[in-house]
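Q: Under the working numbering, the residues of the sequence shown are numbered 462 to 630, in order.
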Amino acid sequence: MTYPEGDPLERLNRLWSQLMLGLTRSGRRAEALAAYREVRVILSAELGIDPEPALPLIATSTAELRAATEAEFIELLRTIHVRSGLTRPEVSRRAGQVLPRSQVYSMLRRGKLPTKPEQVRAFVTICGLPEPQVARVMELWATLREQTELAVSEPEDDKPFAILIVRTA
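1) On a CA-only basis, which of 485, 538, 607 and 508 is nearest residue 572? Give me that one, please.
2) Going by DSSP, what residue range makes up the alpha helix (DSSP H) through residue 479?
3) Would you kindly report the start and end of the unbroken alpha helix (DSSP H) that includes residue 498?
4) Taking the runs of the alpha helix (DSSP H) that are 4 residues or longer, which of them lie wholly in the region 521-609?
5) Please name the residue, chosen from 577, 502 and 530, that lies closest to residue 559 on a Cα-to-Cα basis.
6) Answer with buried or exposed for residue 603, where buried requires no fewer than 16 other C-beta atoms within 10 angstroms of its C-beta.
7) Just how far apart, CA to CA, sit residue 481 and residue 553?
8) Would residue 500 and residue 477 qualify as a contact pair, given that the criterion is a beta-carbon distance under 7 Å?
9) Taking all protein chains shown into account, do 16 or more other C-beta atoms lie within 10 angstroms of the C-beta of residue 567, making it buried, or fewer, making it exposed?
10) Using the C-alpha atoms, what's the distance from residue 494 back to residue 488?
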């Protein structure tokens, strides 16, 4: 059956998405997240479907996507995760084998930069960042990773040293 105004589910999806986006942009993130949860319940109860990645999750503003240190990057990942409204097991389940549950916990708990770019990309994508923001997070990760590798791989000749002179009688 064709509808002159398009598929009703697509129209519903667009309306809810616009509502959530409007609430987010006006600083009402909690209400936007509540709206997302409400539409999930409605679609599940009424139609028996689970809109996993189909509906956009709440994205972090582009202005907040900055980190100059590893600790700031981890804090950014935590912020993205909290705003997504997903639990750590949900993130892991959606990522499949790319991001095991233990890695999700480790990524958010430890103070070290994640080592695998595919895991960082999967994490922020599943948390709902749109592609331009995912790309920005990956740029931040690559820059910090490069800085970390440079700090670790400095040549031995450039490091200060001391000579111990031992005199024997």
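Using N, Cα and C, we set each Cβ at its ideal position, and we do this for glycine too.
A: Checking against the coordinates, here is how it stands:
1) The count along the sequence shown starts at 1 and reaches residue 572 at position 111. Checking every option, the nearest Cα to that of residue 572 belongs to 538.
2) Taking the sequence shown and counting its residues from 1, the one referred to as residue 479 is at position 18. Taken as a continuous stretch (DSSP letters only), the alpha helix (DSSP H) holding residue 479 covers 469-486.
3) Along the sequence shown, one-based indexing puts residue 498 at 37. Here the alpha helix (DSSP H) through residue 498 covers 490-503.
4) 531-545, 549-556, 562-570 and 578-587
5) Numbered from its first residue, the sequence shown carries residue 559 at position 98. Ranking 577, 502 and 530 by Cα distance to residue 559 puts 577 first.
6) By 1-based counting over the sequence shown, the position of residue 603 is 142. Exposed: under 16 other Cβ atoms inside 10 Å.
7) Residue numbering aside, residue 481 sits at position 20 when the sequence shown is read from its first letter. Residue numbering aside, residue 553 sits at position 92 when the sequence shown is read from its first letter. Taking the straight line from one Cα to the other gives about 24 Å.
8) Sequence index remark: in the sequence shown, residue 500 carries index 39 (1-based). Sequence index remark: in the sequence shown, residue 477 carries index 16 (1-based). Cβ atoms of residue 500 and residue 477: closer than 7 Å.
9) As a working mapping, residue 567 is identified with position 106 in the sequence shown. Under this definition residue 567 is an exposed residue.
10) Start at 1 with the first residue of the sequence shown, and residue 488 comes out as number 27. Start at 1 with the first residue of the sequence shown, and residue 494 comes out as number 33. Spanning the two alpha carbons is a distance of roughly 12 Å.
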